[in-house]
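Novice:
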Amino acid sequence: MEQKLCEESVCPTRIPVASRDEKGFELLLGMNIQKKAKKIPGSLILEAAYARTASTDITEDTRDIFPEGLPPSYVFIATLRLKGTSSRLTFDLWRVLSKDKEIQVAVTLSGKDKSVVFTTTSLTAEEQRVTFRGVQTLYDGKWHQLKVLVRPRQVSSFLDDLLIQEELLEPVEPIYINGETQVAKRRGTDLPVAVEIQKVRLYCDPHQSERETACEIYSVDDERCPLNRTATVDEEDWTTRAAWGARSHGHLVAVSDALLMFTQRGIWNLLVYFMVRGHHVGRSRMPLTSATLSSSSGDL
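Residue numbers in the sequence shown follow UniProt numbering, run continuously in steps of one, and reach 300 at the last position.
This is the structure we're talking about:
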């Protein structure tokens with residue numbers, strides 16, 4: 001009952017999902033990522049994503065994003081791709097700061113040890129952190145969906161719809177809304193991080209974690225996924241492409257060798273022709289036949 005009341009008061013907005021609208025926050029829109037970042041192809045042909053550069057600041061007042069704070073339970077979902085140096089950095093993918101710049105809530109990506117850290121408030125300490133291991137593939141340069149399910153006394157992490165880890169939480173306290181909410185910032189600094197983002201959402205209903213699929217990730221095998229999914233070029237199997245490239249290179253080398261051999265033989269035959277022709281000049285005007293050419297060629 002408490003969660004439902006909070007959903008009504010804290011989550012007035014709705015996100016269109018499939019055949020129904022879910023209460024929550026569409027952060028791509030709320031954080032103006034669509035306006036601030038460059039539009040690029042997403043994980044699938046029909047998906048769009050946004051490339052945020054290291055010079056693009058994505059910061060908004062928290063009262064404009066979460067005017068009533070956060071509900072006691074929610075689902076944070078982000079579909080992203082980490083490329084280049086971004087896959088080796090430690091940065092807050094999403095964070096809510098207090099007026100004094102202290103972290104109240106954050107999802108931190110640690111490229112150094114290939115982990116994800118969830119930070120939230122605590123009634124007994126300044127903050128509490130949970131580190132999720134087993135998410136190494138998040139840093140492989142391909143598209144992935146990261147999901148963090150938060151309940152009053154538990155937090156769970158999912159990668160591409162697979163449960164990674166569950167941990168207990170101490171009681172939390174509500175956040176203050178007089179600070180800022182940010183996306184993709186270096187940990188402990190205000191420096192932006194380059195990252196490609198396709199989805200950033202926060203659902204108020206924790207059960208949306210079960211309903212939300214990762215079908216936008218082409219490699220995900222889920223019976224709920226449509227059969228007509230088509231990956232973008234960047235999401236193709238690079239191993240297969242590399243093998244195809246090696247075979248193509250082999251074919252080109254073979255063709256090149258054949259052309260070289262043909263050219264060499266052609267030059268040799270021309271040399272033989274002129275040598276034989278010179279040998280017969282002044283001695284005979286008889287036509288040069290293939291038999292004569294063969295005989296003379298043998299003498300050489």
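All C-beta atoms, glycine included, are put in the ideal place defined by N, C-alpha and C.
#1: Between the alpha carbons of TYR139 and LEU109, how many angstroms are there, rounded?
#2: Thinking just about the alpha-carbon of each residue, which of PRO67, PRO41, ILE33 is nearest to the one in ASP57?
#3: Does LEU82 come out as helix, strand or coil in the three-state DSSP assignment?
#4: From which residue to which residue does the beta strand (DSSP E) around SER156 run?
#5: Can you list, in chain order, the residues of its chain whose CB lies under 6 Å from that of ARG14, leaving out five sequence neighbours each side?
#6: For ASP21, which of helix, strand or coil comes out of DSSP?
#7: Is the beta carbon of VAL150 closer than 8 Å to that of SER157?
#8: Flag this pair as yes or no: are the beta carbons of LYS199 and PHE91 separated by less than 8 Å?
#9: What's the C-alpha gap between GLY111 and LEU28?
#10: Go through its chain and collect everything with a Cβ distance to ASP222's Cβ below 8 Å, but skip five positions before and after it.
#11: Please check if any C-beta of chain C sits within less than 8 Å of the C-beta of CYS11.
#12: Please return the same chain residues whose Cβ sits closer than 6 Å to the Cβ of GLN136, not counting the five positions on each side in sequence.
#13: Return the Cβ separation of VAL96 and SER209 in integer angstroms, given the expectation that the two are a contact with Cβ distance under 8 Å.
#14: Please state the DSSP three-state secondary structure of LEU138.
#15: Only counting runs of 4 or more residues, tell me where the alpha helix (DSSP H) segments fall wholly within the segment 173 to 242, in order along the chain.
#16: Using 10 angstroms around the beta-carbon of CYS11, count the other beta-carbons present and answer buried if the total reaches 16, otherwise exposed.
#17: Please name the residue, chosen from GLU68, PRO174, GLN104, PRO41, that lies closest to GLY188 on a Cα-to-Cα basis.
#18: On the premise that TRP94 lies in contact with VAL155, defined as a C-beta separation below 8 Å, what is that separation, rounded to the nearest angstrom?
#19: Using the C-alpha atoms, what's the distance from LEU168 back to THR119?
#20: Using beta-carbon positions only, say whether GLY42 and ALA49 come within less than 8 Å of one another.
Specialist: So, from the listed chains and residues:
#1: CA-to-CA, the gap between TYR139 and LEU109 works out to about 9 Å.
#2: ILE33
#3: coil
#4: 154 to 159
#5: ASP21, LYS23
#6: strand
#7: Their beta carbons are not under 8 Å apart, which means SER157 does not touch VAL150 by this criterion.
#8: no
#9: The alpha-carbon atoms of GLY111 and LEU28 are separated by roughly 23 Å.
#10: Cβ within range, chain order: ASP161, THR213, ALA214, CYS215.
#11: Among the chains of the structure shown, chain C does not appear; only one protein chain is present.
#12: LYS114
#13: Incorrect: roughly 20 Å between the Cβ atoms, too far for contact.
#14: helix
#15: 208 to 211
#16: buried
#17: GLN104
#18: That pair is no contact at about 14 Å.
#19: 13 Å
#20: yes
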